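Participant: First, the structure itself, so that you have it in front of you.
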Amino acid sequence: MTKLDGTARGGVLVALAQKFQLPIYFVGVGESVEDLRPFDAETFVTALIGKGG
Numbered sequence: 000m001t002k003l004d005g006t007a008r009g010g011v012l013v014a015l016a017q018k019f020q021l022p023i024y025f026v027g028v029g030e031s032v033e034d035l036r037p038f039d040a041e042t043f044v045t046a047l048i049g050k051g052g
């Protein structure tokens, strides 16, 4: 995933990873390589469902 900025794209990430049995190592949160962040499943799900601070 090159840019994670919406639930439509973010939600499909999990489905594709599961379907093709691919690990998720990083997600992009911006436009450049400096915006790559290590993928943390718990943080991702919390953000996806809109909970947390």
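In this text, residue positions in the sequence shown follow numbering that gives the first Met the number 0: the first is 0, and each later residue adds one. Ideal Cβ placement from N, Cα and C applies to all residues, glycine included. Source: prediction; values computed, not measured.
1. What are the partner residues of F25, as DSSP defines its beta bridges?
2. Nearest by alpha-carbon distance to Y24: which of V11, D39 and K18 is it?
3. Buried or exposed: which applies to V26, given that a residue is buried once 16 or more other Cβ atoms fall within 10 Å of its Cβ?
4. From the DSSP output, in three-state form, read off K50 for me.
Facilitator: Walking through what the data contain:
1. P37
2. D39
3. buried
4. coil
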